[in-house]
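Colleague: Have a look at this one.
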Amino acid sequence: MDKFDQQIVALLAGNARMAVASIAREVSLSRSAVSERIRQLEERGIIRGYHARIGGDGGAVRAYFELHYHVHRCEQYAALLRTIPEVKLCYAISGETDMLVYVEAASMARLDEVRGQIENMPNIKTVKTHMILSELINNLG
1 MDKFDQQIVA
11 LLAGNARMAV
21 ASIAREVSLS
31 RSAVSERIRQ
41 LEERGIIRGY
51 HARIGGDGGA
61 VRAYFELHYH
71 VHRCEQYAAL
81 LRTIPEVKLC
91 YAISGETDML
101 VYVEAASMAR
111 LDEVRGQIEN
121 MPNIKTVKTH
131 MILSELINNL
141 G
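So for the sequence shown, full-length UniProt numbering puts the first residue at 1; every next one is plus one.
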């Protein structure tokens, strides 16, 4: 890679959507020369893709855990769940499931660790995981 290729790669790394005309102005080359260099960088595998950076909690792994336990003491489990920062919401609910817990973790590995912590709580019978794939409605504000 020569200095022009390095400049082009640096500019695209900072803004993958930067227009070829803007890159051409920055590196003092024609648009056609920049387009050709980008094509060659892609063919050589130096540029392997263009990606969106997601802000906010877009990188979070989100799931609901259904908890089933032997001793029906929601307050006891809620106190234990409060010590886990990834637990964001906790509901005592009716039906076969005793409690529904909403978790946001930084990674799948961390989500698995949180699940393990919950499974190891006293008298937990089962934990069922429901991964959130997408949010279709949010009228909470």
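Glycine included, each C-beta is placed from N, C-alpha and C at the ideal position.
Taking buried to mean at least 16 other C-beta atoms within 10 Å of its own C-beta, is L136 buried or exposed?
Modeller: In the sequence shown, the residue the question calls residue 136 occupies position 136. Counting Cβ neighbours within 10 Å, L136 comes out exposed, since fewer than 16 surround it.
Colleague: Please specify which runs of the alpha helix (DSSP H), each continuous and at least 4 residues long, are wholly inside the region 102-137, giving them in chain order.
Modeller: Here the runs fully enclosed are 108-119.
Colleague: Just confirm the distance between the C-beta atoms of V61 and L111, as a whole number of angstroms; I'd bet it's less than 8 Å.
Modeller: Sequence index remark: in the sequence shown, residue 61 carries index 61 (1-based). Sequence index remark: in the sequence shown, residue 111 carries index 111 (1-based). At roughly 5 Å, the Cβ-Cβ gap stays under 8 Å, so V61 and L111 are in contact.
Colleague: At which residues does the alpha helix (DSSP H) containing V27 begin and terminate?
Modeller: The residue labelled residue 27 in the question sits at position 27 within the sequence shown. Per DSSP, V27 belongs to the alpha helix (DSSP H) from 20-27.
Colleague: Express the C-alpha separation of M18 and S32 in angstroms, rounding to a whole number.
Modeller: Translated into the one-based positions of the sequence shown, residue 32 becomes position 32. Translated into the one-based positions of the sequence shown, residue 18 becomes position 18. If I take the Cα positions, the gap works out to 15 Å.
Colleague: Using alpha carbons as the reference points, say which of N123, L81, C90 lies closest to V114.
Modeller: The residue labelled residue 114 in the question sits at position 114 within the sequence shown. Here the closest residue by C-alpha is L81.
Colleague: Below 7 Å CB to CB, which residues in the same chain sit around D5 once its five sequence neighbours on both sides are set aside?
Modeller: Against the sequence shown, residue 5 aligns to sequence position 5. Result list for D5: R37, L41, in chain order.
Colleague: Below 7 Å CB to CB, which residues in the same chain sit around Q117 once its five sequence neighbours on both sides are set aside?
Modeller: Against the sequence shown, residue 117 aligns to sequence position 117. For Q117, where only same-chain residues beyond five positions count, the Cβ hits under 7 Å are I84.
Colleague: Measure the C-alpha to C-alpha separation of R25 and A106 and round it to an integer number of angstroms.
Modeller: Within the sequence shown, the letter at position 25 stands for residue 25. Within the sequence shown, the letter at position 106 stands for residue 106. Each residue's alpha carbon lies about 39 Å from the other.
Colleague: Since I believe D98 is in contact with H68 (beta carbons under 8 Å), could you give me their beta-carbon distance rounded to a whole number of angstroms?
Modeller: Start at 1 with the first residue of the sequence shown, and residue 68 comes out as number 68. Start at 1 with the first residue of the sequence shown, and residue 98 comes out as number 98. Contact holds; Cβ gap of about 6 Å.
Colleague: Taking its Cβ as the centre, do 16 or more other Cβ atoms sit within 10 Å of A63, making it buried, or is it exposed?
Modeller: Locating residue 63 in the sequence shown gives position 63, counting from the first residue. Its Cβ being crowded by 16 or more others within 10 Å, A63 is buried.
Colleague: List the residues that DSSP assigns as beta-bridge partners of M99.
Modeller: Here residue 99 refers to the residue found at position 99 when the sequence shown is read from its first residue. M99 pairs with L67, A92.
Colleague: Quick check on R62: does DSSP put it in helix, strand or coil?
Modeller: Start at 1 with the first residue of the sequence shown, and residue 62 comes out as number 62. Strand at R62.
Colleague: From I23 to N138, what does the alpha carbon distance come to, in whole angstroms?
Modeller: As a position in the sequence shown, residue 23 is number 23, starting the count at 1. As a position in the sequence shown, residue 138 is number 138, starting the count at 1. Cα-Cα distance, rounded: 39 Å.
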